[in-house]
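Asks:
Protein chains: 2
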Amino acid sequence: MPQGGQGDTTVAMTIRDVAQAAGVHVSTVSRAFSASHLVKRETLDRVLAVAAELGYQPNETARALTTGRTRNLGLIVSDIANPFYPPLIKAAQSYARVRGYQVFVADTDEDVRTEEELIRTLARQVDGVVLVSPRLANDVIARLGGDLPFVLVNRQVPGLSAVLMDVAHGAALAVEHLAELGHGHLALVAGPRGSWTSAQMRRAAGRAAADRGIRFDVVGPNAPTEHGGITATAAVLRTGATGVIAYNDLVAIGLIEGLHDRDVRVPRDLSVVGVDDTVAGRLNRPRLTTVAMPTAPAGRTAVDLLIQTVETADTRPSTAQTTLATSLVVRDSTATADPSAR
Amino acid sequence: MPQGGQGDTTVAMTIRDVAQAAGVHVSTVSRAFSASHLVKRETLDRVLAVAAELGYQPNETARALTTGRTRNLGLIVSDIANPFYPPLIKAAQSYARVRGYQVFVADTDEDVRTEEELIRTLARQVDGVVLVSPRLANDVIARLGGDLPFVLVNRQVPGLSAVLMDVAHGAALAVEHLAELGHGHLALVAGPRGSWTSAQMRRAAGRAAADRGIRFDVVGPNAPTEHGGITATAAVLRTGATGVIAYNDLVAIGLIEGLHDRDVRVPRDLSVVGVDDTVAGRLNRPRLTTVAMPTAPAGRTAVDLLIQTVETADTRPSTAQTTLATSLVVRDSTATADPSAR
DNA sequence: TGGTCACCTGCAACCGGTTGCACGGACGGT
DNA sequence: ACCGTCCGTGCAACCGGTTGCAGGTGACCA
């Protein structure tokens, strides 16, 4: 049975097939696809028509070999299943596609060695990499960044581009919110060691508390998971704080669960603020008051920055920094400091 | 300042650099990396040593051009941010990496046209594609599958490999569970049109209910989201059912929210069973009784099957089918049928 | 001593595009 | 009529590997 429809790429067409069919040299076909302004209008139309009829599609691999650009990007996160990431991944991926790039998503499993290995592996097949909240040391990142365009998200390393979310401001908003509710003693449930975000939160929240003469304790470091929140419960209670800011929604949820098991009610006995504004926080009962992080815009912006860096083949890595705004979403996990308590 | 460490790939080494440094022909270096059994032990050691010293890494793109195999896979899902997918993506990605493959993750945004376009785009740069719960029509999938190895997840198309989750059994378990709780009238909140999973559930639950002489209604189709659950609320109440099985956890959660707004309490007034066992269901209050889906194993298995198909270059697409078991996780959203009600 | 064979390695074509360079013709200016 | 320019196209080298084929060497056997 003969192959029916035109455009059916059952057997791959090459540039030479098109050239022959259109009666031009291969270089003309090549130009028609990658530098069409160099081809006379009339020739261009004919070549494209023939190509379409033959179902020709340029071979990306061959193209990548000569140009040295793969039109692939890497996106490295610590844990795909952490609800903070999917919106970012989704936005990054879909925006990249609009710009004609594909993205490899990779997961470090919260492991620093895996992170480095992943970067090295990916380095050979992508034009650039977005690193979200990397845990590697500054100098390691900087060194790897010498070989390949990087854009960091939620991490600052001198000389590298970054997209930052204004967690400092978010943390300050959280403190302000709790202060207005009358809480005179706050605690921060910190994130994992090496987390830039956690360090930012700590500094900003500490300062905001100090400005108001509010006592401020830090508990941690903790794993950035529900379990991390549960295990921090005892230490949180020991501080005596009545208002708590957690590293992220998951930790906040774990903490609330831990508190629940000890018959400490949220928000009646204790107010808890999360960070990230994930689905998890919206679904939790009580619905979580949280600092909303612009994850989707961050994914989009990071890819935008990366493509820009890649396409302007400046040897010097562009070192643009973008900071995206955060905001506070007040829901049901915070309330006025328990008047009957003290 | 001279470049320090050996192994630093500041300037890319090629196979010819290695050949020259090791005093052998390029083909020998090539064999050392891709068919080492063809090279004398002594020569092999020397070549590898020189390569290591020079920091040589084979260029995947060049390799792909001649071999025709990219060692890249595609993974297409309808919505990365749907909590059903991240565990599957994570497992697929990490397993692929173990096998020496990278994976492109792409998101169709629940749109059929995007789905097809995505497959066509990806087709040119991957060795095979995993399609999770595709919404395309059978014949379209079959046709596209002629050009490229496919593995389907939660979808059956004659002649294509698939990894299925036993939702039929899961749905039956849910019915059984509700029946044992004394519910005599059940409703299914169906998923989106074209969903294989939804069709399976409907059939299996309907049969299980019939077997027990239980009345069974279907509401839908609905969007597979929280919002879909909310909008289905009125219709669910209209059926008069006291036990409900929702298409997935998100729909279940939305439904519970919708019921809550109408002062119908779960599980006191109505029992709800979700499907998927996502984080969302675990975090929801009441904690969701749900059918656990083996998402991570499915991701791993699909990739395994796909790689197997790809590496045994059988022209005929292997047509293996694997069905993974599901189970019921009983939590707090189901209870005995309200005795005071009727 | 000659022949067979297995094992290594080199040679060169090839994968499917891209791109610097050269060439021919059309056009405009003097 | 002559020259300089610009435009469009062809030519061929090249990107970095892979692989079929051939030749050389040494071992083993008769």
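So the sequence lines, in the order shown, correspond to chains A and B.
Sequential numbering from 446 applies to the first sequence in this note's numbering.
Sequential numbering from 446 applies to the second sequence in this note's numbering.
Even for Gly, the Cβ is constructed at its ideal location relative to N, Cα and C.
Per DSSP, what kind of secondary structure is Q451 (chain A) in: helix, strand or coil?
Replies: Since pLDDT at Q451 (chain A) reaches only 38, below the 50 mark, its modelled position is unreliable, and no value is offered.
Asks: Put R660 (chain A) into one of helix, strand or coil per three-state DSSP.
Replies: strand
Asks: For the alpha helix (DSSP H) that contains F549 (chain B), what are its first and last residues?
Replies: Where F549 (chain B) is concerned, there is no enclosing alpha helix (DSSP H), although the beta strand (DSSP E) it sits in stretches over 547–552.
Asks: Three or more C-beta pairs closer than 8 Å, one from the segment 769–779 of chain A and one from the segment 728–745 of chain A: is that the case here?
Replies: yes
Asks: Between the Cα of G651 (chain A) and the Cα atoms of A:L483, A:G615, A:Y540, which residue gives the shortest distance?
Replies: A:G615
Asks: Is the CB-CB distance between G591 (chain A) and L518 (chain A) below 8 Å?
Replies: no
Asks: Which of the three DSSP states, helix, strand or coil, is assigned to R787 (chain A)?
Replies: In this prediction, R787 (chain A) has a pLDDT of 41, which is less than 50 and means its spatial position is unreliable; nothing more can be read from the coordinates.
Asks: Going by the beta-carbon positions, is the gap between V634 (chain B) and V696 (chain B) smaller than 8 Å?
Replies: yes
Asks: Note down, in chain order, every chain A residue with its Cβ under 7 Å from the Cβ of R713 (chain B).
Replies: Chain A residues near R713 (chain B): none, gap ~15 Å exceeds 7 Å.
Asks: Between the Cα of R638 (chain B) and the Cα atoms of B:R647, B:A632, B:H630, which residue gives the shortest distance?
Replies: B:R647
Asks: Put S539 (chain A) into one of helix, strand or coil per three-state DSSP.
Replies: helix
Asks: With a cut-off of 8 Å, does the C-beta of P739 (chain B) fall near any C-beta of chain A?
Replies: no
Asks: Grouping DSSP H, G and I as helix and E and B as strand, with all else coil, what is D777 (chain B)?
Replies: coil
Asks: Of the residues that make up the segment 489–515 of chain A, which ones have a beta carbon closer than 8 Å to any beta carbon in chain B?
Replies: Within the segment 489–515 of chain A, the residues whose Cβ lies closer than 8 Å to some Cβ of chain B are Q502, N504, E505, T506, A507, A509, L510, T515, listed in chain order.
Asks: Just to make sure I have the definition right: I need the residues of chain B whose C-beta is within less than 8 Å of the C-beta of P669 (chain A). Which are they?
Replies: Correct list: empty, because the minimum Cβ distance to chain B is about 14 Å.
Asks: Using a beta-carbon distance cut-off of less than 8 Å, what residues from the segment 529–545 of chain B approach chain A?
Replies: Y530, P531, P532, I534, K535, Q538, S539, R542
Asks: Could you check how far apart the C-beta atoms of L491 (chain B) and A464 (chain B) are, in whole angstroms? I think they sit under 8 Å.
Replies: First, the residue type needs correcting, since residue 491 (chain B) is Arg and not Leu in the sequence shown. That pair is no contact at about 11 Å.
Asks: Is the Cβ-Cβ distance between V748 (chain A) and A537 (chain A) less than 8 Å?
Replies: yes
Asks: Near T684 (chain B), what residues of its chain come up, given a Cβ to Cβ distance below 6 Å and the 5 sequence neighbours on each side ignored?
Replies: Shown here for T684 (chain B): same chain residues with a beta carbon closer than 6 Å to its own, the five before and five after excluded, namely A632, D662 in chain order.
Asks: Taking 8 Å as the CB-CB limit, is T584 (chain A) close to chain B?
Replies: Note that residue 584 (chain A) is Asp in the sequence shown here, rather than Thr. Cβ-Cβ to chain B under 8 Å: no for D584 (chain A).
Asks: Measuring CA to CA, which of B:S578, B:Y501, B:T511, B:G629 is closest to G398 (chain B)?
Replies: In the structure as shown, chain B starts at 446 and stops at 787, and residue 398 (chain B) therefore has no counterpart that could be examined.
Asks: Which bits of chain A does V736 (chain B) rub up against, with CB to CB less than 8 Å?
Replies: None at all; the shortest Cβ gap to chain A is about 18 Å.
Asks: If you check the beta carbons only, do L576 (chain A) and L597 (chain A) fall under 8 Å apart?
Replies: yes
Asks: Anything in the segment 644–656 of chain B with a Cβ closer than 9 Å to a Cβ of chain A? List those residues in chain order, please.
Replies: none
Asks: Give the straight-line distance between the Cα atoms of K485 (chain B) and T473 (chain B), rounded to the nearest whole angstrom.
Replies: 10 Å
Asks: Between which two residues does the beta strand (DSSP E) harbouring G688 (chain B) extend?
Replies: 688–691
Asks: Could you work out which residues of chain A lie near N693 (chain B), taking near to mean beta carbons separated by less than 7 Å?
Replies: What N693 (chain B) touches in chain A: nothing, since even the nearest Cβ is about 13 Å away.
Asks: Is there a C-beta anywhere in chain A that falls below 8 Å from the one on N599 (chain B)?
Replies: Not an interface residue.
Asks: Jot down the residue ranges of each uninterrupted beta strand (DSSP E) in the segment 589–661 of chain A, minimum 3 residues, whole runs only, in chain order.
Replies: 595–598, 606–610, 630–634
Asks: Give the straight-line distance between the Cα atoms of G665 (chain B) and A480 (chain B), rounded to the nearest whole angstrom.
Replies: The straight-line gap from Cα to Cα measures roughly 57 Å.
Asks: At the level of alpha carbons, what is the spacing between Y692 (chain A) and V720 (chain A)?
Replies: Using only the alpha carbons, I get a separation of about 6 Å.
Asks: Would you mind stating whether E555 (chain A) and S523 (chain A) have Cβ atoms separated by less than 8 Å?
Replies: yes
Asks: Please check if any C-beta of chain A sits within less than 8 Å of the C-beta of Q451 (chain B).
Replies: In this predicted model, Q451 (chain B) has a pLDDT of only 38, less than 50, meaning its place in the structure is not dependable enough to derive any value.
Asks: Kindly give me the distance between the Cβ atoms of G636 (chain A) and N667 (chain A), rounded to whole angstroms, as I take these residues to be in contact under 8 Å.
Replies: 7 Å
Asks: What are the start and end residues of each continuous alpha helix (DSSP H) run of 4 or more residues lying completely inside the segment 705–743 of chain B, in chain order?
Replies: Those alpha helix (DSSP H) runs which fall completely within the segment 705–743 of chain B and span 4+ residues are 724–728.
Asks: List the residues of chain B that D552 (chain A) touches, going by C-beta distances under 8 Å, in chain order.
Replies: K535, Q538, S539
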